[in-house]
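Here the structure comes first, spelled out in structure tokens, and everything after it is commentary.
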Amino acid sequence: MLGMLKFEQGEYKEAALFYEKSLEVKRKTLPQDHSSLATTYSNIGGLYGTIGDYSKALEYYNKAYKIQETVLPPNHSDLAFSCNNIALLYKDMGDYSKALEFYNKSLKIQEIALPTNHPRLANSYNNIGQVHKNMGDYSSALGFYTKSHKILEIALPQNHPHLATSYSSIGAVHDNMGETYRERRDYSTALTYYQKGLEILERKLSTNHPDTAVAYHNMAKLYLATGQYNMAMKNVQQALEIGQEKLPISHPHLLEYRETFEEIRRNM
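Position one of the sequence shown corresponds to residue 1 (full-length UniProt numbering), numbered consecutively onward.
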């Protein structure tokens, strides 16, 4: 518990100490395939993943996964969760084939264990779409983004009093699809999806929410690519305004907005 608390507070060194102490006790008192050990391994993996030590994170996630494979039913949600964690690491490491392997394992479990319109399925489809997009397989990416989008539209009706982040997910799907069309140079279709995503974000989140800034920035990049510099500048300025208000000065998104602003200004 203390390790998790320190982790949530961003005190990663202290969190690591508590997790290691917990692990030491459990190793001495529990069977080596006990599910509680798997939980601790997973927590430590998450910690190392957060601080960017992917090899260590992978080591601990794999330890958790091996225990879970032994002690849990094949369609248990914890197995899907572990596969998802491992896939995310591989994606961040740029090993997209391994990322797809574990995302598909997670998806296979979820498709059996969950209703067909469950939001977790939408998340899995979206994750797989992102990997395909990173691999340059845009048609596959669009297929998975569309599956995700259809589920979210059913699972999260526009008038449902849900968390803002859930509505943000719908906007993110449109945004992802817009990004894919932009990279395929289908700018008119990209703009349609970007505008839909922005419309959802503005309606369901505050107009100065950081997610809204991302949408403005994507539209700015689209207008830049099509030579519509005035529209590009208008959108990047809106992204910058939100970012400067809501984000730390060194946040990667804010730095990216500034770079895009300078690029647009050079072209005007």
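Just so you know, even glycine gets a beta-carbon here, dropped at the ideal spot from N, CA and C.
Do you know how far the Cα of glutamine 228 is from the Cα of glutamate 263? 13 Å
Length of the line joining the Cα atoms of aspartate 211 and glutamate 14: 31 Å
Label asparagine 176 either buried or exposed according to how many other C-beta atoms from any shown protein chain fall within 10 Å of its C-beta, with 16 as the threshold for buried. buried
Tell me the rounded alpha-carbon separation between asparagine 218 and histidine 76. 38 Å
If we ignore side chains and look at the alpha-carbon of each, how far apart do serine 139 and glutamine 130 end up? 12 Å
For aspartate 33, tell me which candidate among Ala64, Pro248, Asn235 has the shortest Cα-Cα distance. Ala64
Nearest-angstrom Cα separation, counted from leucine 89 out to valine 71: 24 Å
CB of alanine 190 within 8 Å of CB of leucine 152, strictly: no
Go ahead and pull the three-state DSSP assignment for aspartate 78. helix
For lysine 108 and threonine 116, the rounded distance between their alpha carbons: 12 Å
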